[in-house]
Amino acid sequence: MRMIILLFLGLFSCSSNDSRMGDEMYSNKNYEEAIKLYTESLKLRPNDIKSLFRRARSYEELGIYKKAVTDFKKILEIDKENINALLSLSVNSIRNKDYLSGESYSKRAIKLNPDLDQAHFLLGRTLQYQGLFNDAMKSFKTSISLNSNNSETYYYMGLIYLKLDDSSNACKNFKTSASLKNARAKNLINKYCE
Numbered sequence: 470m471r472m473i474i475l476l477f478l479g480l481f482s483c484s485s486n487d488s489r490m491g492d493e494m495y496s497n498k499n500y501e502e503a504i505k506l507y508t509e510s511l512k513l514r515p516n517d518i519k520s521l522f523r524r525a526r527s528y529e530e531l532g533i534y535k536k537a538v539t540d541f542k543k544i545l546e547i548d549k550e551n552i553n554a555l556l557s558l559s560v561n562s563i564r565n566k567d568y569l570s571g572e573s574y575s576k577r578a579i580k581l582n583p584d585l586d587q588a589h590f591l592l593g594r595t596l597q598y599q600g601l602f603n604d605a606m607k608s609f610k611t612s613i614s615l616n617s618n619n620s621e622t623y624y625y626m627g628l629i630y631l632k633l634d635d636s637s638n639a640c641k642n643f644k645t646s647a648s649l650k651n652a653r654a655k656n657l658i659n660k661y662c663e
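Residue numbers (our numbering): 470 to 663.
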């Protein structure tokens, strides 16, 4: 029995070392090496949410989105209420133009934490791409009420106003976004607001 316990502790220690080294590689933006280390760690601890999440983020950084999505979904199998995985899946759904899935993931995150500005922002984006501009604006305004420093929210609101031929409100939002260091908003101000 003592030998089994020592063996288990040794394996756990190796897994923890791989995970810690993976964290170091991730922090240094050495994503390929981080993936290798997290994969080794996950062989011994397949349900380690932190390693799964970091590996998924590493895949995203390298543009390997399908593997990232697989890891995010695995996290939700382990923890159905993992908000980080829900938000990441929403982002990936938007990237893949699967706006209904993105909407669903965002709404699930909002249900778990209604005060999460990023979830409202992502919901707004999915609604915007579906042409549901009024609903998108409501989501963006909720996001702003929770965090008025997200330049992206103002930027996307400005795009909706442009689409609705309301250049006055579009420019107002682009200027707010630009004041929060959004370079894309600055370009649109030069194009539409001067």
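Cβ coordinates follow ideal geometry from the N, Cα and C atoms, glycine included. Nothing here was measured: the structure is a model prediction, and the numbers come from that model.
Reduced DSSP secondary structure (H/G/I, E/B, other) of Leu615: Here DSSP, grouped into helix, strand and coil, assigns Leu615 to helix.
Contacts around Arg523, its chain only, beta-carbon distance under 8 Å, and the 5 residues preceding and following it disregarded: Cβ within range, chain order: Gly491, Asp492, Tyr495, Ala503 and Tyr507.
In chain order, each alpha helix (DSSP H) run of at least 4 residues that lies wholly inside the stretch 511-559: Within the stretch 511-559, the complete alpha helix (DSSP H) segments at least 4 residues long are 518-530 and 534-547, listed from N- to C-terminus.
Which listed residue (Gly532, Ile544, Ala647 and Leu628) has its alpha carbon closest to that of Ser620: Taking each of Gly532, Ile544, Ala647 and Leu628 in turn and checking the Cα distance to Ser620, the smallest one comes out for Ala647.
Three or more C-beta pairs below 8 Å linking the stretch 585-604 and the stretch 563-577: Look at the beta carbons and you see the stretch 585-604 touching the stretch 563-577: at least three pairs across the two are nearer than 8 Å.
Backbone secondary structure at Phe586 - three-state DSSP: For the record, residue 586 in the displayed sequence is Asp; it is not Phe. In the three-state reduction of the DSSP assignment, Asp586 falls in the helix class, which pools H, G and I.
Within 7 Å, strictly: CB atoms of Ile749 and Leu521: No statement about residue 749 is possible, as the shown extent of the chain runs from 470 to 663 and does not include it.
Limits of the alpha helix (DSSP H) - the one that Cys662 falls within: If you look at Cys662, you'll find it isn't in any alpha helix (DSSP H); DSSP assigns it neither H nor E.
DSSP state of Asp604 mapped onto helix, strand, coil: For Asp604, the secondary structure class from DSSP, reduced to helix, strand or coil, is helix.
Sequence-distant residues of the same chain with beta carbon closer than 6 Å to Ser559, five excluded per side: The beta carbon of Ser559 is closer than 6 Å to those of Gly571, Tyr574, Ser575 and Leu591 in its chain, skipping five residues each way along the sequence.
Tyr661 versus Phe602: straight-line alpha-carbon distance, rounded: Inter-residue distance for Tyr661 and Phe602 is about 20 Å (C-alpha atoms, whole angstroms).
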